[in-house]
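Participant: Here's a structure for you.
Number of protein chains: 4
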Amino acid sequence: MPGNSFGEIFKITSFGESHGPAIGGIVEGCPAGLSLDTDFIQLMLDRRRPGQSSITTQRKEEDTVELLSGIFEGKTIGTPIGFLIRNKDVKSNDYDHLKETYRPSHADFTWQEKYGIRDYRGGGRSSARETASRVVAGAVAMQLLKHYNVGIAAWVSAVGEIEMPELHTPVTQEAVYNNDVRCPHPATAAKMISLIKEIRSEGDTLGGVVSCSITGVPVGLGEPVFDKLNASLGKAMLSINAVKGFEIGSGFNAASMRGSAHNDPFTNEKGKIKTISNYSGGIQGGISNGAEIYFRVAFKPVATIMTEQETVNSTGEAVTLKGKGRHDPCVVPRAVPIVEAMAAITIADFLLLNRLSKLNS
Amino acid sequence: MPGNSFGEIFKITSFGESHGPAIGGIVEGCPAGLSLDTDFIQLMLDRRRPGQSSITTQRKEEDTVELLSGIFEGKTIGTPIGFLIRNKDVKSNDYDHLKETYRPSHADFTWQEKYGIRDYRGGGRSSARETASRVVAGAVAMQLLKHYNVGIAAWVSAVGEIEMPELHTPVTQEAVYNNDVRCPHPATAAKMISLIKEIRSEGDTLGGVVSCSITGVPVGLGEPVFDKLNASLGKAMLSINAVKGFEIGSGFNAASMRGSAHNDPFTNEKGKIKTISNYSGGIQGGISNGAEIYFRVAFKPVATIMTEQETVNSTGEAVTLKGKGRHDPCVVPRAVPIVEAMAAITIADFLLLNRLSKLNS
Amino acid sequence: MPGNSFGEIFKITSFGESHGPAIGGIVEGCPAGLSLDTDFIQLMLDRRRPGQSSITTQRKEEDTVELLSGIFEGKTIGTPIGFLIRNKDVKSNDYDHLKETYRPSHADFTWQEKYGIRDYRGGGRSSARETASRVVAGAVAMQLLKHYNVGIAAWVSAVGEIEMPELHTPVTQEAVYNNDVRCPHPATAAKMISLIKEIRSEGDTLGGVVSCSITGVPVGLGEPVFDKLNASLGKAMLSINAVKGFEIGSGFNAASMRGSAHNDPFTNEKGKIKTISNYSGGIQGGISNGAEIYFRVAFKPVATIMTEQETVNSTGEAVTLKGKGRHDPCVVPRAVPIVEAMAAITIADFLLLNRLSKLNS
Amino acid sequence: MPGNSFGEIFKITSFGESHGPAIGGIVEGCPAGLSLDTDFIQLMLDRRRPGQSSITTQRKEEDTVELLSGIFEGKTIGTPIGFLIRNKDVKSNDYDHLKETYRPSHADFTWQEKYGIRDYRGGGRSSARETASRVVAGAVAMQLLKHYNVGIAAWVSAVGEIEMPELHTPVTQEAVYNNDVRCPHPATAAKMISLIKEIRSEGDTLGGVVSCSITGVPVGLGEPVFDKLNASLGKAMLSINAVKGFEIGSGFNAASMRGSAHNDPFTNEKGKIKTISNYSGGIQGGISNGAEIYFRVAFKPVATIMTEQETVNSTGEAVTLKGKGRHDPCVVPRAVPIVEAMAAITIADFLLLNRLSKLNS
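Heads up: the protein sequence lines correspond to chains A, B, C and D, in order.
Numbering of the first sequence is given in our numbering, commencing with residue 1 and proceeding in unit increments.
Numbering of the second sequence is given in our numbering, commencing with residue 362 and proceeding in unit increments.
Numbering of the third sequence is given in our numbering, commencing with residue 723 and proceeding in unit increments.
Numbering of the fourth sequence is given in our numbering, commencing with residue 1084 and proceeding in unit increments.
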């Protein structure tokens, strides 16, 4: 049954509701013999954790991951890595008023209709809390990728109407994670933080954009024709809560360009075939060409706002709703490690799949 | 092995190279008992066919589909539908000069590196010719959807910098397919056609945008959390050749909006729960909510241009390339039925998956 | 990556090593709205548990299952059911001597060669301890099946050369589980127990046969042509540790029969089409025909014996090995609930798949 | 949708009904760069072909395979291999009387109930004619395996009550295919042929056993825990029409053996770790250990007999049926290449999967 898994070879299957006993998952397909730094997994989780800064939700989860299998004496052994994160700071009473109410632009109505029953507490499984499991899997994938010298960095490039200017130097994780909004351009970061605080004080929320860059990807990743690398990256991102758009390389700008301007000429750089420009975003015909892969992900504003809204309850009666609980005013800062995680899982998967392309490999 | 299939239950697996004996595929998962109009399948293929108008490639393929199984006395019988389209108007000599040359922004280099061998004639399997198989599967899916009153229409909403104004009436297939550029706004269509002809005369190419609307979708389609309906639609579109971006509902605009403006309030319309606005694009929490699903797909300009370009050959030597063969100056008019087909396959698949959600269904 | 999952719609993915922190898994695809009796899940686990009787291993695991998700107010909600069983009575020191030794007819050598590394303690993931996760999933499946009036019973029909005579009444779970060897024929059960005790006293082990009967299966389960119901049942059984053979219906006897004797004539029994005999074992053309499904599963003798054996270590040196640790002298009594579990998972999966066969269902 | 595919990486998806325009399929996952001998593919098909000898059905199909893609200049190119076999000698009128009649121990009743509609001509897709597609895929797999020095041979080891004595030399394909019954023991072969002719003259049919041996398999194939190599081989065989049983290595005999007799001691043979005996059948813990893999497959007698049988029609009325059409009196001789094909597909698949086990491979 599809729905709870991502990846073909390197694969995460997740479980868990926001206010149940625990969330967790199983990471399959990591080859045997990889040294795993479990502190790094926890570090990635800490970067996604709620309550970590003044501009995120105040729900405080320790989000301590417990690794249950698949690792022996510090190395992967080829068996699935089961893991668990207990749900601790659960204030389910905050959600009692939502038992019968359909919050606008949330998943309450659609889940109730689909399943005929739902765990309404904290959004149940539709909560972004589920993405913690993705981050665990992503942190394993990143260590596999590191072994192959692949690097991934994501960052906030827009919050509301504030857009970061284009940088002409590579983005480093240090520059990303040294401020609360995860924007590597300090002046823009300050404006973003200020805007988020202002919006929060109004009880409102904001959308934004997360950009991502993947470097060191070998030539050849991607499985034509339906599992093009860009298609799978797109699905990975669009499966994250609140995402409304995805563009790779030239993206939507490509629509208004001419072929003569958009084409990336090949050149021979010290014996290595490369492209001079990179409108392709590192992928041609669905397969990586060795250049930087870069893409942008659009997030809608968080649906839970603190002002009154009109809606209906499960019997169809009109009701007035006012947000309670603890929520993010803008989701993109905490989305950065999630985007990185999903990118890492996708690339790791295709890296392994590519072992199968040739007769002698 | 992933790569050649799309869908979990309603599923297309395709095969075939552009200049081999034939392309074709297998459609699985169509329930037994559906009356199939084979003329409609051919009609959809005709809409994708090269050489059909003055603004498309002059390669003339009849593209006659032969249905080989899965249908008995005009109805599906629950077994896979095998089908075949012979490649006829093959001028492989046109491609001899490409045997060793890597065309910019084509798949030549990446395929050669991935597999160590490739059928270079006409792009082999990386050619958009493969999408004819998708159209066949899509035409089956559309007939299944029609049985459930689901309607799909796509159209060209932008060519280069020419954008169609927003229509305030639903788009009909009649209005789409009555002009060569498949834009349902006649005045804009005329400008687009004129621009494409101008660009072609310069030996250049153009990108564009295809929009798509799906109506009549029941509430409940989508498989959380990784197989959200929007994520699978996005993958479906991003797997089409030349696609660089996908946005659903409010799309990238959502990034600069506030929650209070973006939320779609629920209301009770004659006993039916609906949303007043539809920034969600008909999907909430990854599951359809019964409203119109709409999205936009960005296509890059065709990579084959008729002016000289610098590139390298397979040994890394610099060479000058000038496009030969017969190519589209702008891909979006012929992409319309492909977008419709992939949308239909995706919705049909989730329609069937949704039979599995509840205990008693 | 295949290996850790079974089922397409109703699906178990398991994780865990014998002497790691825990084993567990994720059950996907159980439709929403099923009332789940968690005591029944524990009861099934208790039936598989080591240390439960005088003829099983003395390793004492409480094997308490903790259900972590997918259930709300006593019912399934359509989300994955994550679960966990802690490993408690771990005496890893018992296995130190096996670090470098390849036990005959165990998985030590093959796992080491496949992965280059292994958790040698208690057999790691190759231990039959993993089957506890199958029993949990099976206990969920059985409750789904019960809702559809499908019943499953397995029993020990042979231990060594002692075979149970054919019963002419249906086997009940009560008759199976009321003795330690799980043979519903008391006189035979007594002989089997006595033989097992005798063999154990010699430090040796014994093989046996588990038989299984499934009743109330609706007509139509099975997915031709590669996923015939008998083929999937066979794989389910052959994936259980120590299984060497599987036969359904007439089984190997069919090879020496004539068509005129083997065919099952159809008849009309009060308006219902049935077969008079049932050599088919309830499955024709890979699809259930409504009759009882029955099959037999052959288990080899347990590989760990308490007498000295010649073998080699990982550097290829000859060594002498004598079994330590706590092991079963005969695996079939504890295999009974595992066979039932795997049968239940398989039938549940095909029951759901069959919802997809027809246009209007 | 499961049903029409076998394999994870090396994968066959088949289509086609017995009396439709064609049968065929798609072979995916064969690595690029393999030289393919298309004559060998046809040779394998010829060995399965009806009408080839005096003891098989007289239906005469040329069964000429047309390869449509995936091969360029004699080599695989990593893309799917589409293929087609036209149905030529179709005498559908022979089957008109079966339109409403449920033949005993055929798939008529179960297919009709499952799908509500069926192509009754020649059994439609439930016909063993479908296995021709398996043979094509198997012939590709065999060439991949040959590259890795894996050899496969199957043979008829029993027909009715006539069993071949155990040979003490390896079975060669030459010895198998040099007589009509495919038994490598000439004296037994003669008896089998004589028995089949006798049974045919009585209008009756016979079951039999096919044995199979796989040599040169590297250590490490098999994916624990659910996709053990023996489990997948078992499913492969049980998915073949008319198969009722499967046993590997010691098989059902294991049930009555003691561990001290059944264990296969390891030894060091010139620096290579091997087992002295091979009751395991070359697989331990679900993973190949380098020794010969051998198994036996039981086939029931053909259901179509030429004597009168009582049965019912689709409205439940009692009718008398007498076999018409052209059928095999005993299926095992023609099953030999099918068993080889399914074994080859399975081993090829696991050979490729095993590339994914270790970090550095």
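Beta carbons are placed, not taken as given, at the ideal position from N, Cα and C, and that holds for glycine.
What you are looking at is a predicted structure, and each value in this text was computed from that prediction instead of being measured.
Just to make sure I have the definition right: I need the residues of chain D whose C-beta is within less than 7 Å of the C-beta of residue 393/B. Which are they?
Facilitator: 1198, 1199 and 1200
Participant: Relative to chain A, which residues along the region 768-796 of chain C have a C-beta separation below 9 Å, given in chain order?
Facilitator: 788, 789, 790, 791, 792, 793, 794 and 795
Participant: Which residues in chain A sit within 9 Å of residue 744/C, going by Cβ to Cβ distance?
Facilitator: 66, 68, 69, 82 and 84
Participant: May I ask you to list, following chain order, the residues of the region 675-709 of chain B that have a beta carbon less than 8 Å from some beta carbon of chain A?
Facilitator: Residues of the region 675-709 of chain B with a C-beta atom less than 8 Å from some C-beta of chain A are 677, 678 and 679, listed in chain order.
Participant: Which residues in chain B have a C-beta closer than 9 Å to the C-beta of residue 961/C? List them in chain order.
Facilitator: Ordered by position in chain B, no residue passes the 9 Å Cβ test against residue 961/C, which lies about 22 Å from the chain.
Participant: From the DSSP secondary-structure annotation, give me the bridge partner or partners of residue 258/A.
Facilitator: 567/B
Participant: Quick one: is residue 197/A near chain B, going by C-beta distance under 8 Å?
Facilitator: no
Participant: Would DSSP call residue 952/C helix, strand or coil?
Facilitator: helix
Participant: Are the C-beta of residue 1/A and some C-beta of chain C separated by less than 8 Å?
Facilitator: yes
Participant: Does the distance from the C-beta atom of residue 1001/C to that of residue 972/C stay below 8 Å?
Facilitator: yes
Participant: State the DSSP-derived secondary structure class of residue 355/A, mapped to helix, strand or coil.
Facilitator: helix
Participant: Under 8 Å between C-beta atoms, does residue 220/A make it to chain D?
Facilitator: no
Participant: Could you tell me which residues DSSP pairs with residue 1367/D in its beta bridges?
Facilitator: Bridge partners of residue 1367/D according to DSSP: 1370/D.
Participant: Once the 5 residues before and after residue 427/B are set aside, which same chain residues still bring their CB inside 7 Å of it?
Facilitator: 444 and 445
Participant: Would you kindly report the start and end of the unbroken alpha helix (DSSP H) that includes residue 409/B?
Facilitator: 399-409
Participant: For the pair the region 1054-1072 of chain C and the region 1284-1300 of chain D, tell me if three or more CB-CB distances fall below 8 Å.
Facilitator: no
Participant: What are the complete alpha helix (DSSP H) segments, minimum 4 residues, inside the region 1084-1172 of chain D?
Facilitator: 1121-1131
Participant: Kindly say whether residue 359/A, judged by its beta-carbon, lies nearer than 8 Å to any beta-carbon of chain D.
Facilitator: yes
Participant: Going straight from the alpha carbon of residue 713/B to that of residue 588/B, what length do you get?
Facilitator: 14 Å
Participant: Return helix, strand or coil for residue 1209/D, following the three-state DSSP convention.
Facilitator: helix
Participant: I want to verify the contact list: residues of chain D whose CB lies under 8 Å from the CB of residue 9/A, in sequence order.
Facilitator: Under a criterion of Cβ atoms nearer than 8 Å, the residues of chain D adjacent to residue 9/A are, in order, 1439.
Participant: Listing by chain order, which chain A residues have their CB less than 7 Å from the CB of residue 751/C?
Facilitator: 1
Participant: State whether the region 97-110 of chain A contacts the region 618-634 of chain B, with contact taken as three or more CB pairs (one from each stretch) at a distance under 8 Å.
Facilitator: yes
Participant: Can you tell me the Cα-Cα spacing of residue 119/A and residue 2/A, whole angstroms?
Facilitator: 20 Å
Participant: Counting only runs of 3+ residues fully inside the region 1197-1257 of chain D, write out the beta strand (DSSP E) ranges in chain order.
Facilitator: 1234-1242
Participant: Below 8 Å on C-beta distance, what does residue 439/B contact in chain C?
Facilitator: Here the neighbours are 1079 and 1080.
Participant: Going along the chain, which residues of its own chain have a beta-carbon closer than 6 Å to the beta-carbon of residue 157/A, five neighbours each way excluded?
Facilitator: 164, 209 and 211
Participant: Report the three-state DSSP secondary structure of residue 213/A (helix, strand or coil).
Facilitator: strand
Participant: Is there a Cβ of chain D sitting closer than 8 Å to that of residue 19/A, yes or no?
Facilitator: no
Participant: Cβ of residue 819/C less than 8 Å from any chain B Cβ?
Facilitator: no
Participant: Starting from residue 1270/D, follow the alpha helix (DSSP H) in both directions and report where the run begins and ends.
Facilitator: 1269-1284
Participant: How would you call residue 889/C, buried or exposed, if buried means at least 16 neighbouring beta carbons within 10 angstroms?
Facilitator: exposed
Participant: Can you name the start and end residues of the beta strand (DSSP E) that residue 292/A belongs to?
Facilitator: Note, residue 292/A: premise wrong, no beta strand (DSSP E); not H, not E.
Participant: Would you identify the three-state DSSP class for residue 362/A, choosing helix, strand or coil?
Facilitator: No information on residue 362/A is available, as it lies outside the stretch 1 to 361 that chain A covers here.
Participant: Indicate whether at least one CB of chain F lies closer than 8 Å to the CB of residue 935/C.
Facilitator: Within the model displayed, chain F is absent; protein chains A, B, C and D are what it includes.
Participant: Compare the beta carbon distance of residue 387/B and residue 1096/D with 8 Å and say whether it is the shorter of the two.
Facilitator: Cβ atoms of residue 387/B and residue 1096/D: closer than 8 Å.
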